[in-house]
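Novice: In the working numbering, the protein residues as written are 560 to 646.
Take this structure first; my questions come after.
What follows is the structure, encoded as structure tokens:
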């Protein structure tokens, strides 16, 4: 298990799963999206993955601003749709 404050391959796998679930894309497309955000932000892919998981869990901090900018609206829309009453 990773120590607090560290990131691991598991973090990357969780983030890929989040994007696959939200976007309905392939694992490769999700990975490429993570790498693209990491490249644009100048952060490592593992850090971006951890930040995405934090944003999705609702436990993000100011350190997760890149992930929030990239996926915050997508996550909010998914939550709103899940919580909307059935018609």
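Backbone N, C-alpha and C define an ideal beta-carbon position, used for all residues, glycine too.
State yes or no: is the C-beta of residue 607 within less than 8 Å of the C-beta of residue 614?
Specialist: Your numbering for residue 607 matches position 48 in the chain shown. Your numbering for residue 614 matches position 55 in the chain shown. Taking 8 Å as the Cβ cut-off, residue 607 and residue 614 do not qualify as a contacting pair.
Novice: Is it true that the CB of residue 574 sits closer than 8 Å to the CB of residue 612?
Specialist: Within the chain shown, residue 612 is the residue found at index 53, counting from 1. Within the chain shown, residue 574 is the residue found at index 15, counting from 1. Yes; because the gap between Cβ atoms is below 8 Å, this pair is in contact.
Novice: Does residue 595 come out as helix, strand or coil in the three-state DSSP assignment?
Specialist: As a first step, residue 595 must be located in the chain shown, where it is residue number 36. Three-state result, residue 595: helix.
Novice: So what's residue 566 in DSSP terms, helix, strand or just coil?
Specialist: To locate residue 566, count along the chain shown from 1; it is residue 7. Residue 566: coil per DSSP, three-state reduction.
Novice: If you follow the alpha helix (DSSP H) that residue 621 is part of, which residue opens it and which one closes it?
Specialist: As a working mapping, residue 621 is identified with position 62 in the chain shown. Where residue 621 is concerned, there is no enclosing alpha helix (DSSP H), given that its DSSP letter is neither H nor E.
Novice: Could you check if residue 626 is buried or exposed, using at least 16 other CB atoms within 10 Å of its CB as the buried criterion?
Specialist: Position 67 of the chain shown, counted from the start, is the residue given in the question as residue 626. Residue 626 is buried by the Cβ-count criterion.
Novice: Going by the CB atoms, is the gap between residue 610 and residue 591 shorter than 8 Å?
Specialist: If you number the chain shown from 1, residue 591 lands on position 32. If you number the chain shown from 1, residue 610 lands on position 51. Going by C-beta atoms, residue 591 is not nearer than 8 Å to residue 610.
Novice: On the criterion of 16 or more Cβ atoms from any shown chain inside 10 Å, does residue 728 qualify as buried, or is it exposed?
Specialist: The requested residue 728 does not occur in the structure, where the chain is confined to residues 560 to 646.
Novice: Would the beta-carbon of residue 605 fall within 8 Å of that of residue 642?
Specialist: For this step, residue 605 is matched to residue 46 along the chain shown. For this step, residue 642 is matched to residue 83 along the chain shown. Their beta carbons are not under 8 Å apart, which means residue 605 does not touch residue 642 by this criterion.
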